[in-house]
Each structure stands twice: as structure tokens, then as C-alpha cells.
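Keeping their order, the protein sequence lines are chains F and P. For what it's worth, the working numbering labels the leading residue of the first sequence as 1, then goes sequentially. For what it's worth, the working numbering labels the leading residue of the second sequence as 1001, then goes sequentially. Okay, so here's the structure we're looking at.
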Amino acid sequence: MRLKLEPRKASSRLALYAAPVAAIALTMLTGMVLFTFMGFRGATAVFEIFIQPLLQPERWPDIAVKASPLVMIATGLAIGFRANVWNIGAEGQYIVGAIAGTGVALATYDTEGWWVLPLMLLAGIVGGAAWAAIPALLRIRLRVSEILTSLMLTYVALQLLYYLVRGPWRDPEGYNFPQTRMFSEAQTVPNLLEGTQLHWGVLLTLVVVFIAWFVMSRTLSGYQVRVVGLAPMAARLGGFSENRTVVMTMLVSGALAGLAGMVECSATFGQLTPQFPVNYGFTAIIVAFLGRLHPVGVLIGGLALATSYIGADIAQTASSLPQAATGLIQAMMLFFLLGVDIFVANRVRLAPSLTQHAS
Amino acid sequence: MSLEIAISIVMTLVIAATPILLAGLGELVAEKSGVLNLGVEGMMLVGAVAGFITASLTGFTPAGYAVAALAGLCASLLFGVLALTIGANQVATGLALTIFGTGLSSLAGAGFVGTTITRLPALFPQGLAGHPIFRIVFGYDVIVYLSVALTLAAAWFLNHTRPGLILRCVGESDASAHAIGYPVTVIRYLAVAFGGALAGLAGAYYSLAVTPMWADRITAGRGWIALALVVFSSWRPWRLLLGAYIFGAVMTLELYSKAAGFALLPPEMLAMLPYLATVVALAVIAMRPSRGRLDAPRCLGKTFRAGA
């Protein structure tokens, strides 16, 4: 007798929702072993990364603030992934969104008015969408894979950022530091709760999640996206345009990444600096998968990843675990998730051993 | 421009092209078998850090390259288990591998920042390697010649041998290959492992030859350029060589204009150049009438399950 994997008739809901939990549990176990092996107090470090932040209510706002950009980007990416549109350059769209918004901020410097901040956010949306439009157009016009082009443009965006903050946009009174001038009060996303980092961007993220949930599960457009991804042939027969879906999902994911970039730039940094991009665009890919490509799941996944970021800071101070461990932990989560996912579409059965049947 | 400068420019170009050629070649073979492994950048980083640590601890640089190839291979097996055995989505698994390699390399390499190692010496005797003119052909280390030899070998293997034909068959139609009785998954594992070993070697070329020191994310996205080059080459080894040398030229242009202090373009614009050039190259290659995607292996990126 041996264990055999057998395709299920319908994918298991239980396995679908249990997989991320199992993946996190497996990551904790592996992390424990790995960190111990590397000479750290493994169990303590893992506890500090995954559990400690949840036990300290004063850290909850930090988790929410950290989760906000991740969730916003991942919500957009998840919509694309559902339609088999692989935008992996969200990091670039995030950067260009912040650049576009900062452009507005610098142009409206000295200007007061309620419209300044909304205009900056709008510029962020347009900037991110425009950056995503390049791979989208290349895919529908020339059938160039959006995977490579969207990623390449991330490196271009990064250099564009460096150029602007070192050159034309450098703060004239900034002692030659490569950064723009600080945003004015009218250009800063307002604080939500006195004494915490919590800002209005977090609420904006919740609104985005709700809209995404509504569109994806309650409208024809959402249905169209899901059909194009699940059954391209059926979509074609049904008269759903694949090209339209590609462009729409790319633009939406780019717009949300750009918006997230602008909010983060204004709320957390208050200026554009080279330290601004920290790979949220890539981490959001993990969030999207961990959240099962569903807006509500993405919200939970984003909170989980944000917890691990805050926890990694704790572990860095308390257990001197290097910052780089965070990346490793995140990658392990995705690895285990992809592995555990086999039980969603398959079940394990006992089967007669191969030798009895081999002829 | 003096001849001497021209010769050193060409030599820089060859050195810049070698790692993307190696990584691209490995990926080309993997993709020919129908597997899209987006983890090239991650495998390169794993190879780069493993090679550097080995070379720095043993003081023996060849051991660094050997361990780097082995480390890249191990990383690719991780991809194999998930994408080939378990049947996970290849795009997602490849991305996970890249994120993993980035994290692992910066964690493992943190203690080695500032350490120095010695480069491999030139393969040919000093009389040739140090000759003011002939060094343009004889002045490189063994890895450069190996990369060209492997291009030749891969072209011959894929187009003129029976195992090469089987590998292509698996990539074009996994179901038919399976029906004839070829072990599709085993063949794909071998192709992916080859790709991993070459990516590891390519990564080590950055940490042991191009900039012989450890820096975080030392490969700086070159793994993605290697992936794009495979498409650019229409999955043909010789065109890959050509493409790698064209990109070597673009990167060399960046280096030399920086060194010469050209005021033509700001340094950031020059640093963008290889990535922009990649996007343009992918667009141009796709514009050829009635070709483009037709060159791609038919089963590229599709999960295969025997008996499913």
C-alpha cells in the first residue's frame, strides 16, 4: 500500500481556508529550527515575530499602518492574478504613484486648500495606472509577457526616483541630502488617532477592500475577470474580451499600487526620499496569495504579514535577529502555502502499491 | 580613442555578458523542457552568497564556484518539488524562489560584508593573457570560456542529440511524450537542475569576479534580464549569446560613461538603460510578423500531472 494523491471533484473549501494557517504554522516551525541552527534562540525569536506584537495593544496601530499599503496593493494584484494577469511590478507602480503625487505637492507648495491632498492622491492613482499601462499595452498589442516588462519597469522607476531626489527635486534647503522638501500640512494625510501612527490612509484601504469585494463578487465585471482566469475558452465564447480584462486589471492594480505609494509617501515619510521603497510591491504578492486572492482574505493576510514586520523589529532588538530574516520568513510562508495548496484540489488516499499493477 | 581603451572596453563587455549568458542558458534549457522558472534571480543570489562564503573561508576560489553551482542546483530542486512534484503554479513558485533567495543571501552574507577574496587568474599563460592586443581573446578566466563552450554544447545537445530531442518533445507536448513512455517529470527535473546550477555559477561570477566582494542583492536584477534574453533569443542558444553580448555592451556603456564623467546623461538614466533596453528588445522581437510567440515551447509554464 502507498499514499496516492487523487483529484477531488470539487476543490475543498476547508483546505482552501486552512492552507494559509497551516503555511504560517509550518513557517513558524521551520523558522524555529533554522534560527536555532544559525545560533539564535529560535523559539523565542519566532514567538517575538508572530505572537509578541499581537499581545501588545500599543503595537496594534503600527500593525494597521504597516498592513495598509500591503493590503491596498495586494487587493489590486489579486484581481489581476484571478484573471491570469501577472503584474509583478507593483513596486514600480508604487514608486511612480509617489513620484506623481510628489510632483503635485512640489507644484502646489505654498498653496493652501482642501483640494491639494486629493489632487496628490489622484496623481498617485494616475501615475501608478500609467506605469502599469505600459506592460498592459505591450501584452495586448504585441503579446509580450507582462511578467518581465512590469518587473523591468520597477528598476526603471527606482532609478527615476533616485534621479529626481538627487537632481531637480532636491530640497534647496536640505543640506544636499537626496530628498525633496517636507510636505506641508495640507499635503499630509491627516492623523486618525492622537498619539498613534494611525492615519486616514488606513480607512481608505478598508474602503478599497470593500469596493473590491463588491465588484468581484456582486457585479458582472467581477464575474468576467473570474471567468477569463478560470476558463478563457468559455470567456471567449461568452463574448468577454480578454484584452479588455488584461487592460482593466492591470490599470486597477497599478492605480491601487500608485495610491498606496502616495499615501505611504505623504503619511509616513512626509517627503520623497530614496529610503521610501521597501519592497511592499513584492511582499504584496505574498499577501495576495496568502489571502486566497479574495479581498477579505487579503485583508487578513496583510495583517499577518504586517505583524511579522513589526515582530521582526522586536526580534531584532530582543534577540538580535538580523532584519534580513523577515524576507526569509515571508518567502517560506509562500513556499509552504504553495505546497499545502495541493490538498485543495486533491485528497490523499491509500492505494495499492505500484508493483502489483506494473506490467 | 586609443586601441588600448578599445580593448579594455571589449573585455569589460565580455565580463558583463558572461553571467547573464550563463543564467540565460540554464533557463533556456529549462524552458525548452516546458518549465518557466522565474526564480533565476533568487538562484543567482543563493549561488553568489554560497560561492563567496566558500571562497572566503577556504581561500580557494574554484571551490567557491563549485559550491555556488551546487547551491543553485539545490535551490532549483526546491522549485522542482513545488512546481513539478506537487504541481503548484510555476509563476508563483518562481517568484517565491526569488524572494527566498534574496532573503537567504542577505541573511547569510551579512557577516561577510567587507571580506575580500581573490579572483580566478586568467586561463592562458601570462604571455598571451597579458599581451596588449591578444588579451582581448586570451585575457579571461575559465568561466568566460566555459560560458561560450556551454552555449556550443547546449546548441548541439538540443538540436543534434536524441536526449535533446526528447527534452524538446517534453516541452512541446508533455502528454505525447508521456504517452510514448518518456518520464516527463524526471526530464523536467534534470532541465531545471541544470538551469539552477548555471544560475548559481552566474551569481558567483558577480560576487567572485565582476565585483569580488559581498554586497546585498549583488545581482541587481540581472537574473530578470537573463529571463528576458531567453525570450529575446527565441529559445536559440546562439542568439542568446548574441543577446547577452549586446546587453553586455549596454552595461559597459553605462560603466564607461560614468567613469569618463560624460555629462550627456545623468548616472541614474544610464543605470536605467539595461532595463529599458530589455523592455524595448522584448517589444521589437514580438513585432516580427507571424513569429514572436510561436517560438515558445508549447507547454511552457503549464503544470503536468501524469494520468490526470
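A virtual CB, placed ideally from N, CA and C, is assigned to each residue, including glycine.
Whose C-alpha, out of the options, is nearest the C-alpha of residue i?
i, options, result
"Y280 (chain F)", "F:W200, F:Q224, F:V65", "F:V65"
"P1267 (chain P)", "P:A1277, P:V1192, P:P1237, P:L1255", "P:L1255"
"L259 (chain F)", "F:L26, F:V207, F:Y162", "F:V207"
"I1180 (chain P)", "P:I1166, P:V1186, P:V1192", "P:I1166"
"L220 (chain F)", "F:Q179, F:S241, F:A186", "F:S241"
"S319 (chain F)", "F:T44, F:A18, F:G31, F:V228", "F:T44"
"G1072 (chain P)", "P:F1079, P:M1044, P:T1098, P:A1177", "P:M1044"
"V1230 (chain P)", "P:A1153, P:L1300, P:Y1189", "P:L1300"
"G1034 (chain P)", "P:W1238, P:R1239, P:A1175, P:A1244", "P:A1175"
"L138 (chain F)", "P:V1280, P:A1296, P:T1252", "P:V1280"
"L1282 (chain P)", "P:L1253, P:L1264, P:F1247", "P:F1247"
"P61 (chain F)", "F:F269, F:A312, F:W200, F:P232", "F:W200"
"L1057 (chain P)", "P:T1102, P:G1164, P:G1109, P:G1101", "P:G1109"
"S266 (chain F)", "F:V344, F:R181, F:L34", "F:R181"
"W1238 (chain P)", "P:F1060, P:Y1189, P:A1259, P:V1148", "P:V1148"
"F336 (chain F)", "F:I286, F:Q316, F:A312, F:R349", "F:I286"
"A83 (chain F)", "F:W115, F:T249, F:F289", "F:T249"
"I125 (chain F)", "F:I99, F:A345, F:V225", "F:I99"
I need the DSSP call for residue i, collapsed to helix, strand or coil.
i, result
"R349 (chain F)", "strand"
"K1032 (chain P)", "helix"
"H199 (chain F)", "strand"
"N1159 (chain P)", "helix"
"N243 (chain F)", "helix"
"L142 (chain F)", "helix"
"P1125 (chain P)", "coil"
"P135 (chain F)", "helix"
"K1258 (chain P)", "helix"
"Q356 (chain F)", "The predicted model places Q356 (chain F) with a pLDDT of 47, which falls under 50 and marks its position as unreliable; any figure quoted below should be read in that light. Reduced to three states, the DSSP call for Q356 (chain F) is helix."
"A1017 (chain P)", "helix"
"L192 (chain F)", "coil"
"K4 (chain F)", "strand"
"W1214 (chain P)", "coil"
"K1302 (chain P)", "coil"
"W60 (chain F)", "helix"
"L293 (chain F)", "coil"
"A1308 (chain P)", "With a pLDDT of 47 at A1308 (chain P), under the threshold of 50, the predicted position of this residue should be treated as unreliable, and no value is reported."
"G97 (chain F)", "helix"
"P322 (chain F)", "coil"
"Q316 (chain F)", "helix"
"M216 (chain F)", "helix"
"E185 (chain F)", "helix"
Compare the beta carbon distance of residue i and residue j with 7 Å and say whether it is the shorter of the two.
i, j, result
"G327 (chain F)", "L70 (chain F)", "no"
"F183 (chain F)", "A105 (chain F)", "yes"
"G254 (chain F)", "Q56 (chain F)", "no"
"L1227 (chain P)", "V1040 (chain P)", "yes"
"A1286 (chain P)", "L142 (chain F)", "yes"
"L198 (chain F)", "L192 (chain F)", "yes"
"E263 (chain F)", "V189 (chain F)", "The amino acid occupying residue 263 (chain F) in the given sequence is Val; Glu does not appear at that position. Taking 7 Å as the Cβ cut-off, V263 (chain F) and V189 (chain F) qualify as a contacting pair."
"T1252 (chain P)", "T1012 (chain P)", "yes"
"G101 (chain F)", "M120 (chain F)", "yes"
"L1097 (chain P)", "G1042 (chain P)", "yes"
"L1273 (chain P)", "S1257 (chain P)", "no"
"A15 (chain F)", "F343 (chain F)", "yes"
Would you mind sorting residue i into buried or exposed? The rule is 16 or more other CB atoms within 10 Å of its CB.
i, result
"S359 (chain F)", "Note that S359 (chain F) has pLDDT 38, beneath the 50 cutoff, so the model's placement of it is unreliable and no number is given."
"E173 (chain F)", "exposed"
"T111 (chain F)", "exposed"
"W169 (chain F)", "buried"
"P1062 (chain P)", "exposed"
"R1135 (chain P)", "buried"
"I314 (chain F)", "buried"
"T1118 (chain P)", "exposed"
"I51 (chain F)", "exposed"
"P53 (chain F)", "buried"
"A1277 (chain P)", "buried"
"A331 (chain F)", "buried"
"S1106 (chain P)", "buried"
"N243 (chain F)", "exposed"
"G113 (chain F)", "exposed"
Segment contact, 8 Å Cβ cut-off, at least three pairs: the segment 267-276 of chain F with the segment 80-90 of chain F: no
Stretch-stretch touch, CB-based, cutoff 8 Å, three pairs: the segment 1142-1151 of chain P with the segment 1073-1089 of chain P: no
Meets three-Cβ-pair contact criterion under 8 Å: the segment 198-218 of chain F and the segment 289-296 of chain F: yes
Touching by the beta-carbon criterion (3+ pairs, under 8 Å), the segment 1232-1250 of chain P and the segment 126-134 of chain F: no
Contact the segment 1185-1194 of chain P vs the segment 1115-1134 of chain P: 3+ CB pairs below 8 Å: no
Meets three-Cβ-pair contact criterion under 8 Å: the segment 1016-1031 of chain P and the segment 1191-1203 of chain P: yes
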